[in-house]
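Student: Chains C and A, in that order, give the protein sequences. Mapped onto the working numbering, the consecutive letters of the first sequence carry residue numbers 1394 to 1663. Mapped onto the working numbering, the consecutive letters of the second sequence carry residue numbers 1030 to 1476.
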Amino acid sequence: MEYKVEAHRIMSISLGKIYNSRVQRGGIKLHKNLLVSLVLRSARQVYLSDYYSGACLNAQSEREGNEWDITDSEREKFPPSTTECDRVESPEEPQLTEQPEASEKEREYRENDAEKSERVDCTSTSEQESNQNSSLDSVSTETTTESPSDTTVAERDSTPVVVNGESHQPPKTHVCSSNRKRSAEESESGDAPQKRTKVASSNTKEDEEEAEEMDTGNVSNLITIFGSSFSGLLSKDGTKPEAEAEESGQICCDQMLKNLNPWSTAIVAF
Amino acid sequence: MAGVGGGNDFQWCFSQVKGAIDEDVAEADIISTVEFNYSGELLATGDKGGRVVIFQREQESKNRPLSRGEYNVYSTFQSHEPEFDYLKSLEIEEKINKIRWLPQQNAAHFLLSTNDKTIKLWKISERDKRAEGYNLKDEDGRLRDPFRITSLRVPVLMPMDLMVEASPRRIFANAHTYHINSISVNSDYETYLSADDLRINLWHLEITDRSFNIVDIKPANMEELTEVITAAECHPHQCNVFVYSSSKGTIRLCDMRAAALCDRHSKFFEEPEDPSSRSFFSEIISSISDVKFSHSGRYMMTRDYLSVKVWDLNMENRPVETYQVHEYLRSKLCSLYENDCIFDKFECCWNGSDSAIMTGSYNNFFRMFDRNTRRDITLEASRESSKPRAMLKPRKVCTGGKRKKDEISVDSLDFNKKILHTAWHPKENVIAVAATNNLYIFQDKMN
Chain C
1394 MEYKVEAHRI MSISLGKIYN SRVQRGGIKL HKNLLVSLVL RSARQVYLSD YYSGACLNAQ
1454 SEREGNEWDI TDSEREKFPP STTECDRVES PEEPQLTEQP EASEKEREYR ENDAEKSERV
1514 DCTSTSEQES NQNSSLDSVS TETTTESPSD TTVAERDSTP VVVNGESHQP PKTHVCSSNR
1574 KRSAEESESG DAPQKRTKVA SSNTKEDEEE AEEMDTGNVS NLITIFGSSF SGLLSKDGTK
1634 PEAEAEESGQ ICCDQMLKNL NPWSTAIVAF
Chain A
1030 MAGVGGGNDF QWCFSQVKGA IDEDVAEADI ISTVEFNYSG ELLATGDKGG RVVIFQREQE
1090 SKNRPLSRGE YNVYSTFQSH EPEFDYLKSL EIEEKINKIR WLPQQNAAHF LLSTNDKTIK
1150 LWKISERDKR AEGYNLKDED GRLRDPFRIT SLRVPVLMPM DLMVEASPRR IFANAHTYHI
1210 NSISVNSDYE TYLSADDLRI NLWHLEITDR SFNIVDIKPA NMEELTEVIT AAECHPHQCN
1270 VFVYSSSKGT IRLCDMRAAA LCDRHSKFFE EPEDPSSRSF FSEIISSISD VKFSHSGRYM
1330 MTRDYLSVKV WDLNMENRPV ETYQVHEYLR SKLCSLYEND CIFDKFECCW NGSDSAIMTG
1390 SYNNFFRMFD RNTRRDITLE ASRESSKPRA MLKPRKVCTG GKRKKDEISV DSLDFNKKIL
1450 HTAWHPKENV IAVAATNNLY IFQDKMN
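What follows is the structure in structure tokens.
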């Protein structure tokens, strides 16, 4: 547990550094930001591996609904993010067992258990933190599209997560610890519909499903983006909106990417 | 503890300190590079304000044989100005990242100075004569009335007060997209290399409008970036060989005869990581901040955050010597990450005979290691011990347990006082240590 707190703190600090680097004199320092991104990745790996090695609690389904309500109101506050993240994490796993769903895309990436779980994790967090409008319509749409994930999720739960934690850590951390930045940047980005779970779905299972659906939709993008040390912090902003138009499932990724937009834009500008 | 630096009867003494005493340090005055020239007669410093100050050593006086020549200001000039990149809306800092002297070939001195984007070749020349008796103008420069000129005279050279002029002879610009971190003059004295985060260019000293790109590690997709170039240096004798270090703690030696683009290294130096010491910050502290060839060309030295390593160019799988600079900081890495100190780029240097190496630390401490005796010493650059020819007292950091008298505990170290830049005279035991905005010069005291 202490590791998690420490890892989370380091992630917050790292994101703060990345954010501040944008306004530093002399432009963004590639070397320093690369190192910070490596620390971010390491912290994220620890954070998630800790989670999957037994930090989950039992029977969180009823808790989840409440949490999501709470986090909505706290969304814009900086300090509570730690607890938010922690709370969010716990219910995920039981949800997975309850709501195994897999689309064809999920099957492709089945071998990467961690990724799936992390995506769920990240997605829910992102959703909570999202400041944009989303509708139950989109939720239900995704629910329908994603069907056969039962077996795969069950499999995933059984195996301890070898972390390819990169895929979701930045969004989660980002969401948890960079509210200021995000709100500023969301005002910039705002085009793509942002999924959010403000309305605590009466059916928590639905939330889970939509999270998974979004994740599966994001998988290919996330793998590309978070596949290696530096990649997790660069976005394909230009390509993202098009992809999202096709799949609402990519909203999570997009949201995270938009949060990192200014920096990545600067990097791309290099 | 005496003896580090070339002999058992050796003792470091304070010689001089340059710079303001004022506690309030202006950012522009912070020294960012220190370099002796090939003879050691000149010592150049660059600062964050883009200025270069050159000190010259006074001739040794027969009256005071024990006191080596002092360094006095020889020339000061503004090398780089702040610029603005309008395309990227970024300011380009005027901070001098590196100064490298060219070997002296005539009466004038030449040096290369660089900021993040532009390298300049400066000529520093003396003028101690002035022509007097011009026909067309008065002594004060005003044009004479042509009708008043009735006779012709030959101007005569008259002595004048020594004036040292610095003029930019070449400006090598627009070749680096990323921040330049190193320049290195080749042993052919015709070319030099400049390295930024992702590329290394080879220049000819006479040609400013183009350069050869000899290393390019930029990935096609920037998202796949995993390492950057942190330092580069030409071999001191073989003009076809150079090395560059990376943020992953590796060094690549390249031979320019092999290919025009040296993306494939000839030698790859890497020490396997100790898995037991892995932490969040393992990657940061393994990033190499400086690489320097020995004068002999047989060895090279690398500096990472906690240690200095000496490599034999003939052995790639591990260094031949490793010296811990401030191992007591290993448990403080998280705090050092928070206050950004973990990103400090310490430099290192060899003495003239390659028997000793020196590097800086915090609290204005700097460390020297004798490669033969394996002794090391920690000294401090401070105003308190700045009486002329005062012997420097070895310092010690208490790492735990009971703190002895004269020891300083790790928590009392001042991390704002960092010695990043040091230089060792190429022939003698004279060292220059940059402590924020002050330059300390220490010499040995011959017994």
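All C-beta atoms, glycine included, are put in the ideal place defined by N, C-alpha and C.
Between ALA1463 of chain A and CYS1378 of chain A, is the Cβ-Cβ spacing less than 8 Å?
Tutor: If you number the second sequence from 1, residue 1463 of chain A lands on position 434. If you number the second sequence from 1, residue 1378 of chain A lands on position 349. The answer is no: Cβ separation not under 8 Å.
Student: Name, going along the chain, the residues of the stretch 1256-1278 of chain A whose beta-carbon falls closer than 8 Å to a beta-carbon of chain C.
Tutor: Answer set for the stretch 1256-1278 of chain A: GLU1256, VAL1257, THR1259 and SER1276.
Student: According to a CB-to-CB cut-off of less than 7 Å, which residues of the stretch 1418-1433 of chain C neighbour chain A?
Tutor: So the list reads ARG1418, GLY1419, GLY1420, LYS1422, LEU1423, HIS1424, LYS1425, LEU1427, LEU1428, LEU1431 and VAL1432, given in the order they occur along the chain.
Student: So if I threshold CB-CB distances at 9 Å, which residues from the stretch 1045-1065 of chain A count as touching chain C?
Tutor: Hits within the stretch: zero.
Student: Between which two residues does the beta strand (DSSP E) carrying MET1329 of chain A extend?
Tutor: The sequence position of residue 1329 of chain A within the second sequence is 300, counting from 1. 1328-1332 is the span of the beta strand (DSSP E), which, as asked, contains MET1329 of chain A.
Student: Does the beta-carbon distance from GLN1085 of chain A to TYR1100 of chain A come in below 8 Å?
Tutor: To locate residue 1085 of chain A, count along the second sequence from 1; it is residue 56. To locate residue 1100 of chain A, count along the second sequence from 1; it is residue 71. Yes.
Student: Based on the DSSP output, what are the partners of ILE1121 of chain A in its beta bridges?
Tutor: Here residue 1121 of chain A corresponds to residue number 92 of the second sequence, with the count starting at 1. Note: ILE1121 of chain A sits in a beta bridge opposite A:GLU1112.
Student: In whole angstroms, give me the CA-to-CA distance for ASN1380 of chain A and ILE1280 of chain A.
Tutor: As a first step, residue 1380 of chain A must be located in the second sequence, where it is residue number 351. As a first step, residue 1280 of chain A must be located in the second sequence, where it is residue number 251. Computed Cα separation, rounded: 22 Å.
Student: Compare the C-beta of ASP1145 of chain A against all C-beta atoms of chain C and say whether one is closer than 8 Å.
Tutor: As a first step, residue 1145 of chain A must be located in the second sequence, where it is residue number 116. Output row for ASP1145 of chain A: interface = yes.
Student: Is any beta-carbon of chain C found at less than 8 Å from that of THR1331 of chain A?
Tutor: Here residue 1331 of chain A corresponds to residue number 302 of the second sequence, with the count starting at 1. Chain C, which has no Cβ nearer than 8 Å to the Cβ of THR1331 of chain A, makes this no.
Student: Threshold first: 4 residues or longer. Then list the alpha helix (DSSP H) segments lying entirely within the stretch 1271-1329 of chain A, N to C.
Tutor: The stretch 1271-1329 of chain A contains these whole alpha helix (DSSP H) runs: 1311-1315.
Student: Taking the CB atoms as reference points, tell me whether ASP1076 of chain A and ALA1049 of chain A lie closer together than 8 Å.
Tutor: Taking the second sequence and counting its residues from 1, the one referred to as residue 1076 of chain A is at position 47. Taking the second sequence and counting its residues from 1, the one referred to as residue 1049 of chain A is at position 20. No.
Student: Cutting at 6 Å between CB atoms, please list the residues of its own chain near THR1105 of chain A, excluding the five before and the five after it.
Tutor: One-based indexing of the second sequence puts residue 1105 of chain A at position 76. Excluding residues within five positions, the ones whose Cβ falls inside 6 Å are VAL1082.
Student: So, with DSSP's three-state summary, where would you put GLN1438 of chain C?
Tutor: Locating residue 1438 of chain C in the first sequence gives position 45, counting from the first residue. DSSP places GLN1438 of chain C in helix when its eight states are reduced to three.
Student: ILE1212 of chain A and SER1196 of chain A: beta carbons closer than 8 Å?
Tutor: Here residue 1212 of chain A is taken as the residue at index 183 of the second sequence, counted from 1. Here residue 1196 of chain A is taken as the residue at index 167 of the second sequence, counted from 1. For ILE1212 of chain A and SER1196 of chain A, no; Cβs fall outside 8 Å.
Student: Please go through the stretch 1240-1271 of chain A and give each complete beta strand (DSSP E) segment of 3 or more residues, from N-terminal end onward.
Tutor: Fully enclosed beta strand (DSSP E) runs of 3 or longer: 1258-1263.
Student: How big is the Cα-Cα spacing for GLU1350 of chain A and SER1315 of chain A?
Tutor: Position 321 of the second sequence, counting from 1, holds the residue named residue 1350 of chain A. Position 286 of the second sequence, counting from 1, holds the residue named residue 1315 of chain A. Straight-line Cα distance between these residues: approximately 16 Å.
Student: For LEU1222 of chain A, name the three-state secondary structure that DSSP assigns.
Tutor: Here the question's residue 1222 of chain A lines up with position 193 in the second sequence. Strand.
Student: Whole angstroms is fine: what's the gap from PRO1265 of chain A's alpha carbon to SER1142 of chain A's?
Tutor: Locating residue 1265 of chain A in the second sequence gives position 236, where the first residue counts as 1. Locating residue 1142 of chain A in the second sequence gives position 113, where the first residue counts as 1. Spanning the two alpha carbons is a distance of roughly 19 Å.
Student: Using only alpha-carbon positions, find the residue among A:LEU1131, A:LEU1172 and A:THR1206 that is nearest to LEU1116 of chain A.
Tutor: On the second sequence, position 87 is the one that residue 1116 of chain A refers to. Checked all of A:LEU1131, A:LEU1172 and A:THR1206; the closest Cα to LEU1116 of chain A is A:THR1206.
Student: Alpha carbon to alpha carbon, how far is ASP1341 of chain A from LYS1296 of chain A? Give it in angstroms, no decimals.
Tutor: The residue you call residue 1296 of chain A lines up with position 267 of the second sequence. The residue you call residue 1341 of chain A lines up with position 312 of the second sequence. The alpha-carbon atoms of LYS1296 of chain A and ASP1341 of chain A are separated by roughly 11 Å.
Student: Strictly below 9 Å CB to CB, what residues from chain C border LEU1335 of chain A?
Tutor: Reading the second sequence from its first residue, position 306 is the one you call residue 1335 of chain A. Those do not exist, as LEU1335 of chain A stays about 15 Å from chain C at its closest Cβ, beyond 9 Å.
Student: If contact means a Cβ-Cβ distance below 7 Å, which residues of the stretch 1394-1410 of chain C contact chain A?
Tutor: Residues passing the 7 Å Cβ filter: ILE1403 and ILE1406.
Student: Can you give me the Cβ contacts of SER1533 of chain C inside the same chain, cut-off strictly under 6 Å, excluding the 5 residues immediately before and after it?
Tutor: Position 140 of the first sequence, counting from 1, holds the residue named residue 1533 of chain C. Note that SER1533 of chain C scores a pLDDT of 40, beneath 50, so its modelled location is shaky; the value from the coordinates is reported in the next line. No residues qualify anywhere along the chain.
Student: Does PRO1175 of chain A come out as helix, strand or coil in the three-state DSSP assignment?
Tutor: Position 146 of the second sequence, counting from 1, holds the residue named residue 1175 of chain A. Residue state, collapsed to three classes: helix.
Student: Would you say ASP1226 of chain A lies against chain C (beta-carbon separation less than 8 Å)?
Tutor: Working through the second sequence from its first residue, we reach residue 1226 of chain A at position 197. Yes, its Cβ sits closer than 8 Å to a Cβ of chain C.
Student: Could you check what DSSP says for GLU1212 of chain A in three-state terms: helix, strand or coil?
Tutor: The residue given as residue 1212 of chain A occupies position 183 in the second sequence. It should be noted that the sequence gives Ile, not Glu, for residue 1212 of chain A. Looking at ILE1212 of chain A - three-state DSSP - the assignment turns out to be strand.
Student: Tell me which residues share the same chain as CYS1291 of chain A and place their Cβ nearer than 7 Å to its Cβ, disregarding the 5 neighbours each side in the sequence.
Tutor: Within the second sequence, numbered from 1, the residue matching residue 1291 of chain A stands at position 262. ILE1243, VAL1244, CYS1283 and MET1285, listed in sequence order.
Student: Hey, how far is the Cα of TRP1041 of chain A from the Cα of PRO1423 of chain A?
Tutor: Sequence index remark: in the second sequence, residue 1041 of chain A carries index 12 (1-based). Sequence index remark: in the second sequence, residue 1423 of chain A carries index 394 (1-based). Roughly 10 Å separates the two Cα atoms.
Student: Do the CB positions of TYR1357 of chain A and VAL1337 of chain A come within less than 8 Å of each other?
Tutor: Taking the first residue of the second sequence as position 1, residue 1357 of chain A is located at position 328. Taking the first residue of the second sequence as position 1, residue 1337 of chain A is located at position 308. No, they are not a contact pair.
Student: Residues in the same chain with beta-carbon distance under 6 Å from LEU1254 of chain A, minus the five sequence neighbours each way, listed in chain order, please.
Tutor: Indexing the second sequence from 1 puts residue 1254 of chain A at position 225. Cβ within range, chain order: PRO1248.
Student: Per DSSP, what are the beta-bridge partners of HIS1233 of chain A in this structure?
Tutor: Position 204 of the second sequence, counting from 1, holds the residue named residue 1233 of chain A. Answer by DSSP bridge pairing, in chain order: A:THR1220 and A:ILE1236.
Student: Taking 8 Å as the threshold, find out whether the stretch 1359-1370 of chain A comes into contact with the stretch 1396-1413 of chain C through three or more Cβ pairs.
Tutor: The stretch 1359-1370 of chain A vs the stretch 1396-1413 of chain C: in contact.
Student: For the stretch 1206-1240 of chain A, enumerate the residues whose C-beta is nearer than 7 Å to any C-beta of chain C, in chain order.
Tutor: Here the close residues are THR1206, TYR1207, HIS1208 and ASP1226.
Student: If we ignore side chains and look at the alpha-carbon of each, how far apart do ASP1167 of chain A and HIS1450 of chain A end up?
Tutor: Here residue 1167 of chain A corresponds to residue number 138 of the second sequence, with the count starting at 1. Here residue 1450 of chain A corresponds to residue number 421 of the second sequence, with the count starting at 1. Straight-line Cα distance between these residues: approximately 48 Å.
Student: Tell me whether ASP1435 of chain A is buried or exposed, calling it buried when 16 or more other Cβ atoms sit within 10 Å of its Cβ.
Tutor: Taking the second sequence and counting its residues from 1, the one referred to as residue 1435 of chain A is at position 406. Exposed, by the Cβ-count rule.
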